[in-house]
Amino acid sequence: MSAQARAGALLGPDSILCRRVSDPRAAAGGAGFALALQAAHPVVAAGTRDFSTFDADPWGRFFRTVDYVMLLGYGDRASVDELARRLREAHRAIRGVDGRGRRYSALDPAAYAWVHASIALAMIRGHQLMGTTLDADEREEFWSQWLELGDVLGVRRAELPATWREFDGYLTVMVDEVLEDNDVVQSLRARARFAVGGSPARWLPASLWGAAGVPLGRVLYFLGVGMLPPVLRGRFDFPWTPVHEAAFRAYCRASKASTPVLPRALRQAGPVVLRLRRREPGPFGVVNADARAAG
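Numbering (the working numbering), first residue to last: 32 to 326.
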């Protein structure tokens with residue numbers, strides 16, 4: 032059975048990935064967390080610096096990432112195959128030399144794999160802190176399925192741990208030897224208000240979205256920073272006091288306590304999100320999205 036066939040067989044409603052990938056509680060902190068981890072990789076930072084529209088349109092970048100994850104989890108085979116084709120095609124053009132004279136390519140196997148891995152880490156850790164904690168077997172199952180999707184996207188398995196039990200060692204190496212502070216990471220703090228960028232839907236006026244985006248952006252930034260390992264918060268010089276920690280822990284407790292009363296449709300919001308986002312034109316629509324979905 033081909034890698035694509037194996038991945039397609041996993042995208043059923045009973046898979047752990049489909050049951051957990053679209054819980055907005057985990058995504059609330061996981062989005063900023065994953066973005067910071069990705070931006071700290073020197074190859075990702077270089078590509079973002081030279082090619083991304085994040086500074087001018089952070090909300091557009093955010094919703095393209097949402098589109099990407101939702102399509103991976105809930106899209107039909109044709110849509111996922113098209114996403115994989117567009118993604119690699121666009122990334123081939125993202126290459127150059129960074130400010131330190133280092134050559135980079137967005138299809139660098141280790142960097143490409145790190146982006147894929149960081150999203151899984153964000154979802155699993157997001158559930159641990161704010162959603163429904165995955166037990167050891169569920170974490171292994173989730174990671175196995177995420178690796179299968181990586182096969183479709185062209186992520187080399189040799190660059191990633193084969194099991195979730197090995198992930199801590201992989202993460203330690205990335206934190207200690209690869210991830211670095213840089214201007215792209217620091218721009219996350221500058222854009223914490225998310226005050227610029229287009230509306231995510233045609234029916235929502237940009238002016239109204241701009242007003243809502245300021246407090247929402249601050250919350251996403253706060254939760255993302257709270258999820259970071261203390262060593263990275265220190266390296267990035269992200270302010271974090273005991274008051275911040277207490278507020279973060281209180282939020283996490285309240286979020287996890289909502290599980291018994293949160294409707295399944297909200298805990299598994301992906302199918303609804305995907306249907307709504309498919310209706311949007313241009314860079315926001317999943318079907319019509321350009322290949323920057325995850326870039």
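Positions of the beta carbon are idealized from the N, C-alpha and C atoms, including for glycine. No experiment lies behind these values; they were computed from the predicted model shown.
- With at least 16 other beta carbons inside 10 angstroms of its own, residue 52 counts as buried.
- DSSP, read as helix, strand or coil, puts residue 126 in strand.
- The beta carbons of residue 257 and residue 132 sit about 35 Å from each other, so the pair does not count as a contact at 8 Å.
- Per the DSSP secondary-structure output, residue 135 pairs in a beta bridge with 127.
- When only Cα atoms are considered, residue 271 and residue 261 end up about 9 Å apart.
- Taking a cut-off of 8 Å for Cβ pairs, the stretch 297 to 307 and the stretch 44 to 58 touch, as three or more such pairs fall below it.
- Boundaries of the alpha helix (DSSP H) around residue 266: 261 to 267.
- Spanning the alpha carbons of residue 206 and residue 190 requires a straight line of approximately 15 Å.
- In this structure, the straight-line span from the alpha carbon of residue 268 to that of residue 212 is close to 9 Å.
- If you compare the alpha carbons of 178, 198 and 142 with that of residue 156, the shortest gap goes to 198.
- Pairing residue 210 with residue 71 gives a Cβ-Cβ distance under 9 Å.
- Annotation for residue 248: the continuous alpha helix (DSSP H) segment containing it runs 237 to 258.
- By alpha-carbon distance to residue 96, the top candidate from 174, 48 and 147 is 147.
- Taking residue 43 as the centre and dropping the five residues before and after it, the same chain places the C-beta of 49 closer than 7 Å to its C-beta, in chain order.
- Judged by DSSP in its simplified three-state form, residue 210 adopts coil rather than helix or strand.
- By the CB criterion at 9 Å, residue 80 and residue 45 fall outside the cutoff.
- Note that the C-beta distance between residue 138 and residue 158 is not below 9 Å.
- DSSP places residue 177 inside the alpha helix (DSSP H), whose first and last residues are 167 to 184.
- Check the Cα spacing between residue 166 and each of 47, 290 and 294: the tightest is with 47.
- With a contact defined as Cβ atoms closer than 8 Å, residue 76 and residue 274 miss out at about 30 Å.
- Inter-residue distance for residue 78 and residue 219 is about 15 Å (C-alpha atoms, whole angstroms).
- DSSP places residue 73 within a helical segment (H, G or I) once states are collapsed to three.
- In this structure, residue 125 places its C-beta atom within 9 Å of the C-beta atom of residue 82.
- Residue state for residue 271 is assigned as coil, using DSSP reduced to three classes.
- Following the DSSP letters along the chain, one finds residue 234 in no alpha helix (DSSP H), marked with neither H nor E.
- In the three-state DSSP reduction, residue 80 falls in the helix class (H, G or I).
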